[in-house]
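A short write-up of the structure that comes next.
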Amino acid sequence: METTLRGVGVSHGVAIGEVRHMGTAVLEPPAKQIPADAAPREQERARKAVEAVAADLMARGQLAGGEAQAVLEAQAMIAQDPELMSDVDRRITVGSSSERAVYDAFAAYRELLAGAGEYMAGRVADLDDVRNRIVARLLGVPMPGVPDSDEPYVLIARDLAPADTALLDPALVLGFITEEGGPTSHSAILARALGVPAIVALPGAGELPEGSVVAVDGSTGEVFVNPDADRRAELAKQAEERKAALAAATGPGATSDGHKVPLLANVGGPADVPAAVEAGAEGVGLFRTEFLFLDDSKSAPTEAAQVEAYRKVLEAFPEGRVVVRVLDAGADKPLEFLTPADEPNPALGVRGLRSLLKHPDVLRTQLTALSKAVAGLPVYLEVMAPMVADRIDAKDFADACREAGLNAKFGAMVEIPAAALRARSILQEVEFLSLGTNDLAQYTFAADREVGAVSRLQDPWQPALLDLVAMSADAAKAEGKSCGVCGEAASDPVLACVLTGLGITSLSMGAAAIPYVRATLAKHTLAQCERAAAAARAADSAEEARRAAQAVLSGE
Ligand code: PEP
Ligand code: MG
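Under the working numbering, think of the first position of the sequence shown as 5, with each following residue one higher.
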């Protein structure tokens, strides 16, 4: 019999296939004592296993490229953390086998992370993944991870580690579902980059029987278990219609009555550019430059290395617009040389622009590199700061840009509710706003974006979030300036229409979402978008807002 489950859709499309579960067996090696003279050999084995796993993660990163590469390289660094390694050595010296020493050292580190606050929850999955890989290698058993299968399947996991998400083969993995993870977690962002339908935060996903058939609708977040013939036919028809609509819609983003809304891409570096160009992005609306810094958290890349990376992205969009965000370190993207290690709550601490203002040399190098990279190129460069709280922040950033002689527009991201509430004041200092709805939702609802349990509050359809978007767009209009959205909200085609109706002037998203947003926007007039926006804002919940907007847009 058909049953329906509901999670949070994070990557569009429909997939029907058999369930395969991720190999998640926790390998707990026996606690046996080794003789003292075996210690050096065991230490050597541990070191070799760590090096092999780190090399494997780096190789996977190179294969995957883009944001995935930075995440995997960060994992390789966890594996080689000198403190972890010396703990492993110490445990072997007092009689542990190498596999048990690795297991226990990671467990101790895990406890440390768990005690460091809720926000670390996302990193714990990465840590467990690295541990499992090292222990599996030492025990000589197959690596945990993506199942071995020659037939395409729907992958189910508790949470997907970036190492696995990055290597999912779209030819074999029809779609994926996770029990944990929020809509703005790293896994979700990487899934969108991959372009397979995906659903996160689906309670009970782990209990779906291996081999059972499910239909996944990544747009609505619905999973139909044992879909009947009618359901399959209906989903297949919808998928065909979507495909036809996608193929029909080309060119710049606009409503059916010609109101232009440039569709831009979110990129993490030059590796993401080909997909953006292929999807017809009109430029880049968010270049997450911190991914260039995550390679080596101990120091910033040199000015020359930065110039090279920026230039590659800027060159790809002649006559287009490229919005570069200066380094957004801290919280879930800590950098050793910038981020204080002892903050009680890093998401509320010195992150984003705050950390750059404390390290003006890092900001200056980045702005100088941008200035050199853009020289002679026919691109419209815009530079923005993450986590701007008020006019003082905005002024400090604009001053730094002017001092660096940067020939670009300067902007502020609206990620903190205070910035939306006082958007007009911030616009006295900068020329544009860009809404980071992922963090804006996190701070508006006091809901950590890495924690699946609070994903209801991370839903970008929340009317309170829409109110803050409307305030920012109104302020920009009153000041004659632009206000885009570059958070994940822009990648939901129906919500993109609502954002347009609220007065948002550009939408930036992972490249895979662009054709969907373009096609949906092209089916509706600006007046319809405005009515949908008003209906969504009049709702009392995210679900009600979504339904109300959908009803207006489908003419019900
Ligand atoms: C956001 O917060 O919405 C955003 C675009 O920035 P990031 O996801 O990189 O924090
Ligand atoms: Mg952000």
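The C-beta atom is built at its ideal place from N, Cα and C for all residues, glycine as well. Predicted model, so just to flag it, every value in this text is computed and none were measured.
Between residue i and the ligand PEP, is the CB less than 7 Å from at least one heavy atom?
i	result
Thr-441	yes
Cys-4	Residue numbering for the chain in the displayed model covers 5 to 560; residue 4 lies beyond these limits and cannot be assessed.
Gly-415	no
Gly-27	no
Asp-332	yes
Leu-296	no
Glu-386	no
Gly-273	no
Arg-10	no
Gly-257	no
Leu-290	yes
Gly-179	no
Using a Cβ-based criterion (distance less than 7 Å to any ligand heavy atom), does residue i qualify as near the ligand MG?
i	result
Glu-454	no
Glu-71	no
Pro-350	no
Asp-463	no
Pro-390	yes
Asp-60	no
Glu-103	no
So the candidates are the options; which of them puts its Cα closest to the Cα of residue i?
i	options	result
Thr-259	Lys-241, Val-281, Ala-523	Ala-523
Val-229	Val-23, Asp-133, Cys-487	Val-23
Gln-73	Met-89, Pro-274, Val-502	Pro-274
Leu-88	Leu-67, Val-75, Ala-111	Ala-111
Gln-242	His-528, Ile-20, Pro-278	Ile-20
Tyr-314	Val-392, Gly-262, Glu-386	Glu-386
Ser-303	Glu-340, Leu-178, Val-98, Gln-554	Glu-340
Val-158	Val-217, Val-98, Gln-370	Val-217
Ser-495	Val-14, Leu-437, His-363, Ala-537	Val-14
Leu-164	Asp-154, Val-502, Pro-187	Pro-187
Thr-224	Thr-509, Val-200, Gly-17	Gly-17
Pro-86	Glu-115, Arg-51, Arg-64, Ile-96	Arg-51
Cys-501	Asp-365, Ala-553, Arg-45	Ala-553
Leu-431	Asp-394, Ala-140, Pro-338, Val-366	Asp-394
Ala-53	Thr-97, Glu-71, Val-139	Val-139
When DSSP builds the beta bridges, which residues end up paired with residue i?
i	result
Val-218	Gly-21, Val-229
Arg-45	Its beta-bridge partners do not exist; DSSP assigns none.
Cys-487	Leu-437
Ser-375	DSSP lists no partner for Ser-375.
Ser-102	Beta-bridge pairing links Ser-102 to no other residue.
Met-388	Arg-329, Gly-415
Val-204	Val-12
Met-26	Answer is none; Met-26 lacks a bridge partner.
Met-513	Ala-269
Assuming residue i and residue j are in contact, meaning their beta carbons sit under 8 Å apart, how far apart are those beta carbons, in whole angstroms?
i	j	result
Ala-468	Thr-448	6 Å
Determine the DSSP secondary structure at residue i, reduced to helix, strand or coil.
i	result
Lys-413	strand
Phe-291	strand
Lys-527	coil
Gln-37	strand
Ala-2	The structure shown does not extend to residue 2, since the chain is modelled only from 5 through 560, so no value can be given for it.
Gly-210	helix
Leu-178	strand
Thr-7	strand
Val-502	helix
Ala-258	strand
Ile-396	helix
So does residue i have its beta carbon nearer than 7 Å to some heavy atom of the ligand SAM?
i	result
Glu-419	The ligand SAM is not part of this structure, which contains only the ligand PEP and the ligand MG.
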